[in-house]
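Engineer: Before I ask anything, here is the structure I am working with.
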Amino acid sequence: MTLFDDIYPFYPLQRSSFLFSGRLITIILVFLLLAFSLLIILPGIRGKSRLFWMFRIVISLFIGAVLVALNYTDDWAEARMTTNATYKSFSDAVVNADIGLHVGLHGINVTLKGNPIVQFNETIDYNEMFSWHDTIEEEYEEALEKGLPNPILYIVEKFTMSNPCGLIFQYRYSGRYASATLW
Numbered sequence: 002m003t004l005f006d007d008i009y010p011f012y013p014l015q016r017s018s019f020l021f022s023g024r025l026i027t028i029i030l031v032f033l034l035l036a037f038s039l040l041i042i043l044p045g046i047r048g049k050s051r052l053f054w055m056f057r058i059v060i061s062l063f064i065g066a067v068l069v070a071l072n073y074t075d076d077w078a079e080a081r082m083t084t085n086a087t088y089k090s091f092s093d094a095v096v097n098a099d100i101g102l103h104v105g106l107h108g109i110n111v112t113l114k115g116n117p118i119v120q121f122n123e124t125i126d127y128n129e130m131f132s133w134h135d136t137i138e139e140e141y142e143e144a145l146e147k148g149l150p151n152p153i154l155y156i157v158e159k160f161t162m163s164n165p166c167g168l169i170f171q172y173r174y175s176g177r178y179a180s181a182t183l184w
């Protein structure tokens, strides 16, 4: 294989990690919209019961937002570590990086951030999401085809059905039961 501007030609461009969860932003905006609609109709309630009703509805909206946010975020279990690991397959390049794993009720999120971010003339900043919905094998195969770094592939491989660790069964079923309980 040849290099073109010190970049392997068969690897896709880097995706930048998102600063905030899109699901969480959606949940917050929906419940803020409901709270704002409460403020609009609040003047129609007469007397001292206006404050009581406002308190009841705001508390109910807060509890509902927390339950829905817990159900759809990826922060159920977290792990982080700094390591030296091989970066790509069939390469001897070793990078110093922070690896993070966030296990949620609906899937896992694996992050890889280089120390420093730019190593080997490449930005090492990955944030990949894999869901439990019976497609983690397919998502793992797509990750292999995309050429994701070895540390991400190693972690995701531990959550596949064919792996003898069996982590997917523990986390997927407990995630399903916890999600059903929250609903």
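The sequence shown: position 65 = 66 (this note's numbering), numbered continuously. Ideal placement from N, C-alpha and C gives every residue a C-beta, glycine not left out.
Alpha carbons only, please: which of Pro117, Gln120 and Ile109 is nearest the one belonging to Glu129?
Structural biologist: It is Ile109 whose Cα lies nearest to the Cα of Glu129.
Engineer: Whole angstroms is fine: what's the gap from Glu140's alpha carbon to Ser175's?
Structural biologist: If you take the alpha carbons of Glu140 and Ser175, they lie about 21 Å apart.
Engineer: In this structure, what does DSSP give as the bridge partners for Gln120?
Structural biologist: Answer is Glu123, bridged to Gln120.
Engineer: Evaluate contact between the region 140-154 and the region 83-96, counting only Cβ atoms and requiring at least three cross-stretch pairs below 8 Å.
Structural biologist: Because the criterion of three Cβ pairs below 8 Å is met, the region 140-154 and the region 83-96 touch.
Engineer: What first and last residue would you give for the alpha helix (DSSP H) that runs through Met55?
Structural biologist: Note, Met55: alpha helix (DSSP H), Ser50 to Tyr73.
Engineer: Have a look at Gly105, Asn122 and Val31 and flag the residue whose alpha-carbon is nearest the alpha-carbon of Ala80.
Structural biologist: Comparing Cα-Cα distances from Ala80 to each of Gly105, Asn122 and Val31, the minimum goes to Gly105.
Engineer: Which two residues bound the contiguous alpha helix (DSSP H) that contains Ile153?
Structural biologist: It spans Asn151 to Glu158 - the alpha helix (DSSP H) in which Ile153 sits, taken as one unbroken run.
Engineer: Report all residues from its chain with a CB closer than 7 Å to the CB of Leu35; omit the five preceding and five following residues, and keep chain order.
Structural biologist: Once the five neighbours on either side are set aside, the close Cβ partners of Leu35 are Leu62.
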